[in-house]
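*Asks:* In this note's numbering, the protein residues as written are 5 to 174.
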Amino acid sequence: MVEENQEPMKDVASETESKWTSPPEPKSSSVATPPPKKTKPPHGGDKNVGLEVVVAEKRMALIKAWEENEKTKADNRAYTKKSAIGAWENTKKAMIEANLKQIEENIEIEKAKKREEMKNRMAGIHKEAEEKRAMVEAKRGQHIIKAEEAAAKFRATGTLPTKLFKCFGY
């Protein structure tokens, strides 16, 4: 006899099946999908339904833990590789910067050498120009002395210089 206050007994298998919902669709195909729902065997095996539910939940928990573990491993692997790539990049950049700095130092040294060489050449040109000026002054002095001697000779003899009046026909 069933009392009016009591509810009729519900099927435990249908209650647990209705509580258990499938997780959202995975983003990739590598994630395990839940096993299909089992139907009641025709010979009335209600005794093992609770055990099957526990086993299924345990399996799902293990799969979820494995999935999280694999995701963590993938994240750690990616982080390690990114760190290695960043270190490699920094090393290469530092090498290039060191080479650039060395090249700039070599350019500065060459520039200083060329500057000194140009200063020496300018000093040599200035020295040569001074020597040429001195030679010109010396020749000018010799020509002035020659002209004074020739003028003294012409004054003493009373003759006119012939080079001066060639254009006039004297």
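All residues carry an ideal CB built from backbone N, CA and C; glycine is no exception.
Keep in mind it's a predicted model, so treat the numbers as computed, not measured.
1) Any idea what DSSP makes of Gly162, helix, strand or coil?
2) Using the Cα positions of Ser111 and Ala138, report the straight-line distance between them to the nearest angstrom.
3) Pro30: buried (16+ other C-beta within 10 angstroms of its C-beta) or exposed?
4) Out of curiosity, what's the CA-to-CA distance linking Glu61 and Ile67?
5) Secondary structure at Ala156, three-state DSSP: helix, strand or coil?
*Replies:* In short:
1) Within the sequence shown, the letter at position 158 stands for residue 162. Under the three-state reduction of DSSP, Gly162 is assigned to coil, being neither helix nor strand.
2) As a working note, residue 111 is residue 107 in the sequence shown. As a working note, residue 138 is residue 134 in the sequence shown. Checking the sequence shown, residue 111 turns out to be Ile, not Ser. Taking the straight line from one Cα to the other gives about 40 Å.
3) Within the sequence shown, the letter at position 26 stands for residue 30. Only weak support exists for where Pro30 lies, its pLDDT of 49 falling under 50; the value from the coordinates is given anyway. Classification of Pro30: exposed, given that the 10 Å Cβ count is below 16.
4) Looking up residue 61 in the sequence shown gives position 57. Looking up residue 67 in the sequence shown gives position 63. Their backbone Cα atoms lie some 10 Å apart in a straight line.
5) If you number the sequence shown from 1, residue 156 lands on position 152. Here DSSP, grouped into helix, strand and coil, assigns Ala156 to helix.
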